[in-house]
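Take 234 as the starting number for the sequence shown in my numbering and just add one per residue.
Glycine included, C-beta positions come from ideal geometry on N, C-alpha and C.
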Amino acid sequence: WEANRLVAKGKIHPTLSRVYALHDTGQAAHDVHRNTHQGKVGVLCLAPEEGLGIHDEELRAQHIDAINRYRPTPRP
Numbered sequence: 234w235e236a237n238r239l240v241a242k243g244k245i246h247p248t249l250s251r252v253y254a255l256h257d258t259g260q261a262a263h264d265v266h267r268n269t270h271q272g273k274v275g276v277l278c279l280a281p282e283e284g285l286g287i288h289d290e291e292l293r294a295q296h297i298d299a300i301n302r303y304r305p306t307p308r309p
């Protein structure tokens, strides 16, 4: 709970290396098992594309560079 609270306050933020579609969950698990990722690996479960479900666009914009630090092609 504390981590979620700190994320919501903008004190910490996840750093994503890759985001997978739900149908690629097996590949996501494989990449984590093989340790071929840096940062967090995300799986889109209830969203058809990235960027949905963001409640505070301004807060996200402040940290977007750090969130996408390990991604080959940063996306908004």
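When secondary structure is reduced to three states using DSSP, L279 falls in the coil class, being assigned neither helix nor strand.
Checking the DSSP bridge columns, you'll see A254 partnered with L277. Less than 8 Å divides the Cβ of H270 from the Cβ of R251. Within the DSSP bridge table, the entry for L249 names K273 as partners. Linking D298 to C278 through their CA atoms gives a straight-line distance of about 23 Å.
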